[in-house]
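Q:
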Amino acid sequence: MSFPASKTSRKKVKKNHRSEVKTAKPQLTSLVDIMTILLVFLLKSFSAEGDIMTPAEGLKLPESTAKKKPEQALRISLAQDHLMVEGQIVLSMAQLAANEDQLIPELEQVLQQRRNTTEKIAEQSTKVEFKGEVIIEADRKIHFSVLQKIMYTCGQVGFSNFSLLVLKKE
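For reference, each letter of the sequence shown is one residue, going 565 to 734 in our numbering.
Pasting the structure below:
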């Protein structure tokens with residue numbers, strides 16, 4: 565036989581019931597799924613083929629079917645308005661166009677400094693040697709005569725092993 569509960573005891577039961585806060589626990593399966601998706605994404609986006617070369621700002625590189633991957637070397641960037649070596653502006657295209665000679669004196673000076681620095685480091689370390697490698701990245705609208713001047717200047721300083729940076733045609 566049960567006795568009817570009084571109003572005060574019902575209120576106490578309701579209050580006690582409300583005060584119990586249940587914490588939500590995330591389901592382990594969902595977390596494992598998310599971690600798996602993140603892992604697959606990172607593995608897919610990871611490049612195991614070495615350094616990725618990104619062209620300088622404002623450059624539209626020519627396309628090619630070449631398959632050789634670029635290696636680390638001194639970078640010469642030739643945009644529509646200036647010539648840069650390793651991201652530092654050497655001279656403007658107006659100055660370059662005004663130069664009638666094949667040899668570009670400003671570029672020659674910068675390249676000679678780079679060569680001297682590399683050779684000094686090579687004297688101290690067996691891991692470093694001057695190979696005369698340079699990567700030329702030029703906008704697709706640059707005239708070949710300008711590229712010839714740059715390659716000639718590089719060759720005069722001893723940077724005779726040069727590569728042209730291009731986009732892979734897909």
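Beta carbons: idealized from backbone N, C-alpha and C, even for Gly.
Can the beta-carbon of residue 714 be found less than 8 Å from the beta-carbon of residue 685?
A: Contact: no.
Q: Ignoring anything shorter than 3 residues or poking outside the segment 617-690, list the beta strand (DSSP E) runs there in chain order.
A: For the segment 617-690, whole beta strand (DSSP E) runs of length 3 or above, ordered along the chain, are 638-642, 646-649, 652-656.
Q: Are residue 730 and residue 627 touching if we call contact CB-CB under 8 Å?
A: Yes, these two residues count as a Cβ contact at 8 Å.
Q: Does the segment 597-612 come close enough to the segment 696-711 that 3 or more CB-CB pairs lie under 8 Å?
A: No contact exists between the segment 696-711 and the segment 597-612.
Q: Per the DSSP calculation, residue 698 is bridged to which residue(s)?
A: According to DSSP, residue 698 bridges with 638, 726.
Q: Does residue 723 pass the burial test, meaning 16 or more other C-beta atoms within 10 Å, or should it be called exposed?
A: When all chains shown are included, residue 723 counts as buried.
Q: Less than 8 Å between the beta carbons of residue 647 and residue 625, yes or no?
A: No, Cβ-Cβ distance for residue 647 and residue 625 is not below 8 Å.
Q: Alpha carbons only, please: which of 639, 631, 708 is nearest the one belonging to residue 725?
A: Among 639, 631, 708, the Cα nearest to that of residue 725 is on 639.
Q: Using beta-carbon positions only, say whether residue 682 and residue 692 come within less than 8 Å of one another.
A: Yes, Cβ-Cβ distance for residue 682 and residue 692 is below 8 Å.
Q: On the CB-based measure, 16 or more other CB atoms within 10 Å of its CB, does residue 641 come out buried or exposed?
A: Flag for residue 641 reads buried.
Q: Cutting at 8 Å between CB atoms, please list the residues of its own chain near residue 660, excluding the five before and the five after it.
A: Cβ within range, chain order: 647, 668, 710, 713.
Q: Please check the pair residue 645 and residue 656, which I expect to be a contact at CB under 8 Å, by giving their CB distance rounded to whole angstroms.
A: Right, the Cβ-Cβ distance comes to about 6 Å (below 8 Å), so this counts as a contact.
Q: Among 718, 663, 702, whose alpha-carbon lies nearest the alpha-carbon of residue 678?
A: Minimum Cα distance to residue 678 is reached at 718.
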